[in-house]
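Just so we're aligned: the sequence shown equals residues 205 to 489 in my numbering.
Working notes, structure below.
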Amino acid sequence: HGKRIGGDRIDIYKPAMRARKTDRLTLESELRRALEREEITLLYQPIVRLEDRSVAGFEALARWDHPKMGRLSPSEFISIAEEIGLIVDLGLFALERTARQLAIWQRAVPTRVPLFASVNVSSRQLLRHDLIHDLRTVMARSGLMRGSLKLEMTESLVMENPELAAQILHRIKELGAGLALDDFGTGHSSLAYLQRFPFDTIKIDKSFVRTTAKGTRPVLLRSIIGLAHDLGMEVVAEGAETDSDAVELYQLGCEYVQGYVFGEPMPAEAARELLIGDRLALARG
Ligand code: C2E
Ligand code: MG
Ligand code: MG
Ligand code: MG
205 HGKRIGGDRI DIYKPAMRAR KTDRLTLESE LRRALEREEI TLLYQPIVRL
255 EDRSVAGFEA LARWDHPKMG RLSPSEFISI AEEIGLIVDL GLFALERTAR
305 QLAIWQRAVP TRVPLFASVN VSSRQLLRHD LIHDLRTVMA RSGLMRGSLK
355 LEMTESLVME NPELAAQILH RIKELGAGLA LDDFGTGHSS LAYLQRFPFD
405 TIKIDKSFVR TTAKGTRPVL LRSIIGLAHD LGMEVVAEGA ETDSDAVELY
455 QLGCEYVQGY VFGEPMPAEA ARELLIGDRL ALARG
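Given below as structure tokens:
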């Protein structure tokens, strides 16, 4: 150790690099088979209406139960799925499964305002694949209430090709799905610009929702919420972890919170139980 001469370093690092490359190739081929082997599952995280703290909807979040490595989070496989083109199949799986799940929940637990569910959509799925075709099939089959199935996407995705994205997003709305702008605040575009896209919801990124080390909340939060409302959009704050987060967000006029304070991503069955308990509590007043 400690040799700083280039040639030696290459010899030292080569085997490790080769191993990593093999791992990556193995992971790719395992991921290709993961869907048919039913190793990809969806967890659902509650999105809570702050006004009465009722469950308003769920976001579907993918997990990969790898036979050897255990449960992998999206950061460990979504970008691979995007690179190898598998995201189209994975995305369709998430869309179909969530639509079916939402229809089951809506039938089992009727609510005054329809329960919603949202699914993440990635760039390749939206811009380089005929998502409209898939969505039309899913919507026709599911019998869901209008607007209750929502697609989430980030502004960077939309900005990759704004003209094409705008066209596709308008068609998505025509098909009766909702649209949420995910991770808002992490990109560079202004809400005023984003107005040209038919989003009905913005989800403010965790990094804005958290209090800083000094215990203050980013000042931008209040103006983002106000502007979103002026533009006719509803606001979900992501990543609220404490009750005081939730109280403050409510005071700032935010409608919904999705964060560990109200529940982590959970299997469909647990989500159903949460929902039933929630409606019983609401009915009791
Ligand atoms: P996202 O869509 O912004 O989802 C929210 C992420 O924040 C989730 O991470 C969720 O578990 C996490 N989160 C929620 N509340 C809290 C909190 O209070 N504290 C903290 N620290 N984290 C919280 P997750 O499940 O790891 O997903 C990460 C990202 O992976 C998602 O971010 C989304 O961009 C992507 N993703 C997940 N599932 C899919 C999918 O089916 N398709 C596509 N294309 N992307 C997906
Ligand atoms: Mg999301
Ligand atoms: Mg997000
Ligand atoms: Mg994110």
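Don't be surprised by glycine CBs; every beta carbon is placed ideally from N, CA and C.
- Under the 10 Å beta carbon count, Glu378 is surrounded by fewer than 16 other beta carbons and is classified as exposed.
- Counting other Cβ atoms within 10 Å of its Cβ, Asp386 reaches 16 or more and is therefore classed as buried.
- Ranked by Cα distance from Val317, the first of Leu290, Ser258, Val342 is Ser258.
- Membership of Gln462 in the beta strand (DSSP E) is indicated by the continuous run 460–462.
- With a beta-carbon spacing of about 27 angstroms, Ile480 and Val439 fall beyond the 8 angstroms limit used to define contacts.
- A straight line joining the alpha-carbon of Gly347 with that of Arg304 spans about 9 angstroms.
- Counting other Cβ atoms within 10 Å of its Cβ, Gln310 reaches 16 or more and is therefore classed as buried.
- Contact between Lys354 and Ala384 is confirmed by a C-beta separation of about 5 angstroms, below the 8 angstroms threshold.
- Note on Ser394: under 16 other CB atoms within 10 angstroms of its CB, so exposed under the neighbour-count rule.
- No Cβ-Cβ contact shorter than 8 angstroms links Gln329 with Glu468.
- The residues Leu231, Glu232, Leu235, in chain order, have a CB closer than 7 angstroms to that of Ile284 in the same chain once the five nearest residues on each side in sequence are set aside.
- Within the segment 351–416, the complete beta strand (DSSP E) runs of at least 3 residues fall at 353–358, 382–388, 405–408.
- Taking one beta carbon from each stretch, the segment 423–443 and the segment 456–473 have 3 or more pairs nearer than 8 angstroms; the two touch.
- Within the DSSP secondary-structure output, Met470 pairs in a beta bridge with Tyr248.
- The count of Cβ pairs closer than 8 angstroms, one atom from the segment 237–255 and one from the segment 471–485, reaches three, so the stretches are in contact.
- In this structure, the beta-carbon distance from Val313 to Glu356 does not fall below 8 angstroms.
- The beta carbon of Leu456 sits closer than 7 angstroms to the beta carbons of Leu425, Arg426, Ile429 from its chain, once the five residues preceding and following it are set aside; these are given in chain order.
- In the DSSP annotation of this structure, the continuous segment of the beta strand (DSSP E) that includes Ser258 starts and ends at 258–270.
- Inclusion of Asp386 in the 7 angstroms shell around ligand 2 follows from its C-beta lying nearer than that to a non-hydrogen atom of the ligand.
- Excluding residues up to 5 positions away in sequence, Gly351, Lys354, Asp404 lie with their Cβ nearer than 6 angstroms to the Cβ of Gly382 in the same chain.
- Restricting attention to alpha helix (DSSP H) runs no shorter than 4 residues, the segment 277–310 encloses them at 278–287, ordered along the chain.
- By the Cβ-count criterion, Ser279 is exposed, with fewer than 16 other Cβ atoms from all chains shown falling within 10 Å of its own Cβ.
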